[in-house]
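J.:
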Amino acid sequence: MDVYIKTEEETFHFPVNPFSVSINGGKKYDTFDILYQGDRDFPAEKAKRIRTMTLDTMFPSEYEPYCRYRNIPTPEQALKKIIGWSESSTMVRLIITEFSFNEMVNIADYQVNETGENQGDKYITLNIRVAREDATELIKIERSASPSPAPQLKENRTQPKQEKLYVVKSGDSLFKIAKKVLGNGSRYQEIYNANKGVIGNNPNLIYPGQKFIIPG
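Position 161, counted from 1, in the sequence shown is what the UniProt record's numbering calls 161; the numbers after and before it change by one each time, with no gaps.
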């Protein structure tokens with residue numbers, strides 16, 4: 001296994017493989033207080049939590065057989081690079097060959113230790129946040145030097161917005177309606193807000209035959 005950090009200017013090869021690498025991730029949930037049912041969690045559509053990683057390694061003061069290559073940087077040189085990327089919030093590419101991991105990351109923070117037994121060796125823990133794909137695309141757009149083509153002018157008259165109506169059926173709830181017509185049950189609050197005058201103060205009390213405006 002080999003671990004690298006790449007920027008536009010250079011490639012840094014970690015002299016020692018990590019002692020441990022842990023990756024945390026998961027989906028994001030919206031919590032709603034449902035009348036008579038308490039809090040309920042619903043997965044947020046297309047919303048993922050930013051993955052985080054913890055990487056423990058060391059920068060030895062001199063070459064040892066466990067090092068990945070002979071001409072290793074001094075601990076001070078290696079730390080200067082890591083600390084510089086972290087404190088400048090530079091987005092870098094982290095490559096871990098064993099895991100086929102190759103993604104843009106930010107070094108959120110770091111912790112450096114030195115033991116009395118091996119003076120000069122630096123032990124470091126990196127806390128890393130994996131960049132989301134949309135954030136990476138945003139950075140690419142911002143860095144682009146080529147100007148955008150001028151948009152073609154079109155007729156600027158606003159087209160009248162056509163409202164969609166939904167007729168409530170037996171067994172419906174706002175959550176079911178939102179999931180059916182908007183593709184996301186967690187958007188039920190939008191339907192309630194658009195039809196509060198029809199529904200009243202209790203969003204759980206709807207009746208077959210009622211007509212609801214469906215927001216765009």
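Don't be surprised by glycine CBs; every beta carbon is placed ideally from N, CA and C.
For LEU165, which residues of its own chain have a beta-carbon under 6 Å away from its beta-carbon, when the five flanking residues on both sides are left out?
T.: Residue 165 sits at position 165 when you count from the first residue of the sequence shown. Same-chain partners within the cutoff: LYS211.
J.: What did DSSP end up calling GLN189 once you bin it into helix, strand or coil?
T.: On the sequence shown, residue 189 is found 189 positions in, with the first residue counted as 1. In the structure shown, GLN189 sits in a helix (DSSP, three-state: H, G or I).
J.: Work out the CA separation of PRO208 and ARG187 for me, nearest whole Å.
T.: Within the sequence shown, numbered from 1, the residue matching residue 187 stands at position 187. Within the sequence shown, numbered from 1, the residue matching residue 208 stands at position 208. In a straight line, the C-alpha of ARG187 is about 20 Å away from that of PRO208.
J.: From GLN119, TYR123, LYS122 and ILE107, pick the residue whose C-alpha is nearest to that of ALA131; which is it?
T.: Reading the sequence shown from its first residue, position 131 is the one you call residue 131. Considering only alpha carbons, the answer is ILE107.
J.: Starting from the Cα of ILE95, find the closest Cα among ASN127, ASN24, VAL105 and THR74 and give me that residue.
T.: Position 95 of the sequence shown, counted from the first residue, corresponds to residue 95. Checked all of ASN127, ASN24, VAL105 and THR74; the closest Cα to ILE95 is VAL105.
J.: Measure the CB-CB distance between PRO15 and ILE82 and report whether it falls below 8 Å.
T.: The residue given as residue 15 occupies position 15 in the sequence shown. The residue given as residue 82 occupies position 82 in the sequence shown. Not in contact: PRO15 and ILE82 (Cβ atoms no closer than 8 Å).
J.: Taking the alpha carbon of ASP172 as the reference point, which residue from LEU205, LYS196 and ASN195 has its own alpha carbon closest?
T.: Along the sequence shown, one-based indexing puts residue 172 at 172. Ranking LEU205, LYS196 and ASN195 by Cα distance to ASP172 puts LEU205 first.
J.: Run through DSSP, which three-state label would LYS169 get?
T.: The sequence position of residue 169 within the sequence shown is 169, counting from 1. Coil, per DSSP.
J.: Can you tell me whether DSSP reads VAL16 as helix, strand or coil?
T.: Taking the first residue of the sequence shown as 1, we reach residue 16 at position 16. In the structure shown, VAL16 sits in coil (DSSP, three-state: anything other than H, G, I, E or B).
J.: Residues in the same chain with beta-carbon distance under 7 Å from ASN195, minus the five sequence neighbours each way, listed in chain order, please.
T.: Locating residue 195 in the sequence shown gives position 195, counting from the first residue. Within the same chain, ASN195 has close Cβ partners PHE212 and ILE213.
J.: Measure the alpha-carbon distance for SER20 versus LYS180 and round it to whole angstroms.
T.: Stepping through the sequence shown from its first residue, residue 20 is reached at position 20. Stepping through the sequence shown from its first residue, residue 180 is reached at position 180. Their Cα atoms are separated by approximately 45 Å.
J.: Would you list the residues sitting across from TYR63 in a DSSP beta bridge?
T.: On the sequence shown, position 63 is the one that residue 63 refers to. None; TYR63 has no bridge partner.
J.: Please state the DSSP three-state secondary structure of GLU87.
T.: Position 87 of the sequence shown, counted from the start, is the residue given in the question as residue 87. DSSP places GLU87 in helix when its eight states are reduced to three.
J.: Using the Cβ count rule (16 or more neighbours within 10 Å means buried), how would you classify THR7?
T.: For the purposes of this step, residue 7 is taken as the residue at position 7 of the sequence shown. So THR7 ends up on the exposed side.
J.: Verify whether the separation of the beta carbon atoms of ASP121 and PRO60 is less than 8 Å.
T.: Residue numbering aside, residue 121 sits at position 121 when the sequence shown is read from its first letter. Residue numbering aside, residue 60 sits at position 60 when the sequence shown is read from its first letter. Yes, these two residues count as a Cβ contact at 8 Å.
J.: Note down the Cα distance separating LYS169 from LYS176, rounded to an integer number of angstroms.
T.: As a first step, residue 169 must be located in the sequence shown, where it is residue number 169. As a first step, residue 176 must be located in the sequence shown, where it is residue number 176. So the alpha carbons of these two residues sit roughly 11 Å apart.
J.: Opposite VAL3 in the DSSP bridges: which residues?
T.: What you label residue 3 is simply residue 3 of the sequence shown in a count that begins at 1. Answer is ILE96.
J.: Please report how far the alpha carbon of ASN193 lies from the alpha carbon of ASN24, in whole angstroms.
T.: Here the question's residue 193 lines up with position 193 in the sequence shown. Here the question's residue 24 lines up with position 24 in the sequence shown. When rounded, the distance between both Cα atoms is 37 Å.
J.: Which residue wins for smallest C-alpha separation from GLU87, given the options GLU62, ILE5, SER22 and TYR110?
T.: Here residue 87 refers to the residue found at position 87 of the sequence shown. The residue with the shortest Cα to Cα distance from GLU87 is TYR110.
J.: Please list the terminal residues of the continuous alpha helix (DSSP H) segment that includes ILE199.
T.: Counting from 1 along the sequence shown, the entry for residue 199 is found at position 199. 196 to 199 is the extent of the alpha helix (DSSP H) around ILE199.
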